Amino acid sequence: MSRGATSGAANGETLEFMKTVSETPAITPTTLVSHLIETDLLILPVFENDDLADEAALDAATGGAVASARARGELTGKAFEVFITVAQGWRAGRVALVGAGARKDFSRDRLRRVTLTGSLAARQRRVKKVAVVQRPDTGLSARDAAQVMAEGVVLANFDGTAYKTTNPATVWIESAQVRVIGEAAEIVAGIERGRVLGECTNLARGLSNAPSNVLTPKAFAARAQEIATNAGLTVEILDESRIAELKMGLLLGVASGSQEPPRVVVLRYEPGNATPGPVLGLIGKGITFDTGGISLKPADLMDRMKDDMSGGAAVLCAMAAVARLGGSVRCVGVIPLTENMPGGRAFKPGDVLTSAEGKTVEVLNTDAEGRLVLGDALWYARTLGVTHLVDVATLTGACVVALGKSATGLFGRPDAWRDRVLRASERAGDRSWAMPLFDDYKELFKSEIADFANTGGRAGGAITGALFVQEFAGDLPWVHMDIAGTAWVEDAKPYQVKGATGVAVRTLAELALDTEGWAKV
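Following my numbering, the numbering of the sequence shown begins with 748 at its first residue and continues without gaps.
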C-alpha cells in the first residue's frame, strides 16, 4: 500500500503529499483446474491460432460464444485484445480471454502484460477478485511465471488520479489467485518477488506523478527517509551546508535559482550475507521540477517536468525492493535533488562551474542540468567505495528522437557490464537498447575556457549527454540509462495507464538480485 503524509504547498495551502495511489492485493497460488477456480474474473491467455485444447470445455460452457467470437473476428489471440464472457457451470463469475499473440513470441514480459491487461480490464468493470491461469508449454519456469503474474496484478492496482476530488470511489483488486504448474516453493517465491517488485514500482510511479509544489527536494528527501527506513536501508540526507562543504559546485549551480534548498539522499544496503567484493552504486537524477532555468523551456508540456526526478525515484524504490527481498550484493544509492529555476541568483549560459572532483564545466545551456547534478553524485558514490555504477536519468530529448518512447537508451562500458544491465532490463520488462559511445563525439562538447562544456548541441545529443556523465565515472564499470522517453506514457495502453511508468525500478532490482558472476565483470 502506498500512502503519504502532508506537506506545505507553495501556495500556502496544505495538500496531502501522497494520497493512496495503490493497493496490494492478496496473491495466492492455486492448483485447481480453470472451471473450479472461484473468482469474479478468470483471466486466460489466448494465443493466435489457439485451439484451447487444454480448456476444451470452455466453448460449450459459454454456449458457443467463444467459437462465435472467433468466427466474427472478435477473438483472434492478437496481443492484448480482451473478450469477456460467462461460462455456465464454472465457479468464476466471468472469463476474460486476453490475447497473448503468437506462441513463438511468448515471454516473461508478454505474460506480465497479459496479466496487466486482464487486471486493468477487471478494475474497469469494478471487479475485486481475479485469477490468472498460466497456459501449458510456454517455456517459462514456474518461478518466472509466478513472479510476472504477481507483478502484473500489483501493477494494475495503481491509480494516477490521486488529486481528483470528484472521482467515484476507486475499486481495487482485493485478491488474486495464480495458477502455475510446478514446485510449490518456487511458485511461492516467485509470487513474493513479483509482489515486492510491483509494489516498489508503484511507489516510484506515485512519486513521479506527485506535483512539484508537493514533492519539493526536502519533501522527496523526507519521503525517501520513510521508504528507506521501512525497507531496512540506512539513509543519510545531505543538506545545503554539507553539499557546500563537499564543494558540489555542479549541483549548487543548478540549485542556485530556486528558493527550495537542494538535498542529496544517500542510501546504503549492507546485507549480512554480502557477496565479497562488489558494491553496486546506483545514481538517480532528482530534478523535482525543471523549467530549463535561464534557457527556459517552451510552455507546452512544461507541466510534465514534475517527472524529472523519475531516475531518483527508481533508485530509491529499487533499493527498497532489494532490501526487502534480501539481496546479497551491497548497494549504495545517491540521489541529488534540486529544482532548476530561473531566479535572480540562477546560473547562466557562459558561467563556469567547478565540480566536487575539481573538473570545470562551461555552461552553454542551463537546460542541460541533469548531467551536472549526476556528475557530482557519481563522484560522491565513488568516494563511498562503489565498484560498479549505474545512473538513471530523464536526460535528453534527443534520446526520445532516437528511440521513441518504447525503449530506454543504454550506454556503458565495458560491454560486459552494459550487457549485464541490458539482460536485467529484459527480465524486468523495461525495454532498453544499447547505444554507442565513440570518442569522436567528445569533440562536440569541447570548451575553449573550461575542461568541457555541458552540451554538444543537437546532433548526437543523447550520446554527448552520456559521454559527459561518463567523465565523472572514473575507471569503474558504468552504465547510463536515459529514460527520457520511457518514464511517462501520454497515451494509455491496454497494459499501462497514462502517467508515470516506474521504469528502471525492476531493472535495477533484477540487476542487484542477480548474484551470479559479479566478480567477473
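Beta carbons: idealized from backbone N, C-alpha and C, even for Gly.
Predicted model, so just to flag it, every value in this text is computed and none were measured.
DSSP, reduced to helix, strand and coil, places Val1168 within a helical segment of the structure shown.
For Asp1186, no alpha helix (DSSP H) run applies, since DSSP gives it neither H nor E. Unbroken beta strand (DSSP E) stretches of 3 residues or longer found wholly inside the region 970-1031: 981-985, 1010-1016, 1026-1031, given in chain order. As the crow flies, the alpha-carbon of Trp1164 is around 11 Å from that of Leu1157. Look at Ile1082 here: in three-state DSSP terms it is strand.
The Cβ atoms of Leu997 and Val1108 sit closer than 8 Å to each other. For Asp856, the enclosing alpha helix (DSSP H) covers residues 855-871.
For Leu1223, the three-state secondary structure derived from DSSP is coil. Under the three-state reduction of DSSP, Val1216 is assigned to helix. From the listed residues Leu1125, Val1244, Arg859, the smallest Cα separation to Ala1220 is found for Leu1125.
The beta carbons of Val900 and Ile920 sit about 6 Å from each other, so the pair counts as a contact at 8 Å. Ala843 is the residue among Gly1203, Lys851, Ala843 whose C-alpha sits nearest the C-alpha of Ala834.
The count of Cβ pairs closer than 8 Å, one atom from the region 1238-1245 and one from the region 1138-1147, stays below three, leaving the stretches out of contact. Under the DSSP assignment, Ile938 falls outside any beta strand (DSSP E), being part of the alpha helix (DSSP H) whose first and last residues are 931-956.
For Asp891, the enclosing alpha helix (DSSP H) has its first and last residue at 889-903. In this structure, Gly1019 sits away from Leu1063, with a CB-CB distance that is not shorter than 8 Å.
About 6 Å separates the Cβ atoms of Gly1040 and Asp1114, confirming a contact at the 8 Å cut-off.
Burial is judged here by how many other beta carbons sit within 10 angstroms of a residue's own beta carbon; Asn977 has fewer than 16 and is exposed.
Membership of Thr1038 in any beta strand (DSSP E) is not indicated, and neither H nor E is assigned to it by DSSP. The closest CA to that of Arg940, considering only Arg890, Ala909, Pro958, is found on Arg890. Taking all protein chains in view, the Cβ of Thr1262 is surrounded by fewer than 16 other Cβ atoms within 10 Å, so the residue is classified as exposed.
If you draw a straight line from the Cα of Ile990 to the Cα of Val1013, it comes to about 12 Å.
In terms of Cβ geometry, Ser1003 and Phe905 do not form a close pair [threshold 8 Å]. A contact is defined here as three or more CB-CB pairs under 8 Å, and the region 874-891 fails this definition with respect to the region 818-836. Restricting attention to Arg942, Arg1160, Gly907, Pro1025, the CA atom closest to the CA of Glu1237 is found in Gly907.
The criterion of a C-beta distance shorter than 8 Å is satisfied by Ile774 and Ala897. Around the Cβ of Gly1151, a 10 Å sphere holds fewer than 16 other Cβ atoms; the residue is exposed. Ala869 has its alpha-carbon roughly 9 Å from the corresponding atom of Ala903.
Spanning the alpha carbons of Met1049 and Val793 requires a straight line of approximately 41 Å.
Shown here for Leu1131: same chain residues with a beta carbon closer than 6 Å to its own, the five before and five after excluded, namely Val1079 in chain order. In this structure, Val1133 places its C-beta atom within 8 Å of the C-beta atom of Val1026. DSSP, read as helix, strand or coil, puts Lys1240 in strand. The DSSP-derived three-state label of Thr1254 is helix. For Gly1156, the enclosing beta strand (DSSP E) stretches over residues 1155-1160. A check of alpha carbon separations from His782 across Ala800, Phe827, Trp837, Asp1054 identifies Trp837 as the nearest. Considering only Lys851, Leu788, Ala804, the residue with the shortest C-alpha distance to Asn796 is Lys851.
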